[in-house]
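Working notes, structure below.
Numbering (my numbering), first residue to last: 8 to 131.
This is how it looks when you write it as structure tokens:
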């Protein structure tokens, strides 16, 4: 894999040829040595926001993870009866965030029924 690095003088080097190895293990590759296996089934859109790529690269980047988390919080508030000013859509730029100390799965948001929320919105 080509990995940018810094030489002894502090200059950034962008290699033309591979100069590093990428080591990774997937959980499926370890099942054969496990004594017991437990699987959890969940709704991907509610529980999974992977970050595997750099900002602005690929689909699993930090901005997309923030989009997914913000969209989930907005869904929870809408389900509780809230509306959003000018039909705003939550994203990494217009974040909607709910602390897990307030709501872990969309519960305890009843007081927002009938409220109009302006993004960005953070509920702590």
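Here a beta-carbon is modelled for each residue, glycine too, at the ideal position from N, C-alpha and C.
In this structure, the beta-carbon distance from residue 70 to residue 57 does not fall below 8 Å. Per DSSP, residue 35 has no beta-bridge partner at all. By the neighbour-count criterion, in which 16 or more other beta carbons inside 10 Å mark a residue as buried, residue 105 falls on the buried side. Going by beta carbons, residue 119 and residue 84 fall inside the 8 Å limit. Residue 130 places its beta carbon 8 Å or farther from that of residue 99. If you ignore the 5 residues before and after residue 22, its C-beta comes within less than 8 Å of the C-beta of 9, 10, 11, 12, all in its own chain and listed in chain order. Note on residue 77: 16 or more other CB atoms within 10 angstroms of its CB, so buried under the neighbour-count rule. The residue from 115, 64, 79 with its alpha-carbon nearest to that of residue 53 is 79. If you draw a straight line from the Cα of residue 61 to the Cα of residue 89, it comes to about 34 Å. When DSSP reads this structure, residue 104 sits in a beta bridge with 129. Assignment of residue 47 by DSSP, reduced to helix, strand and coil, places it in the coil class.
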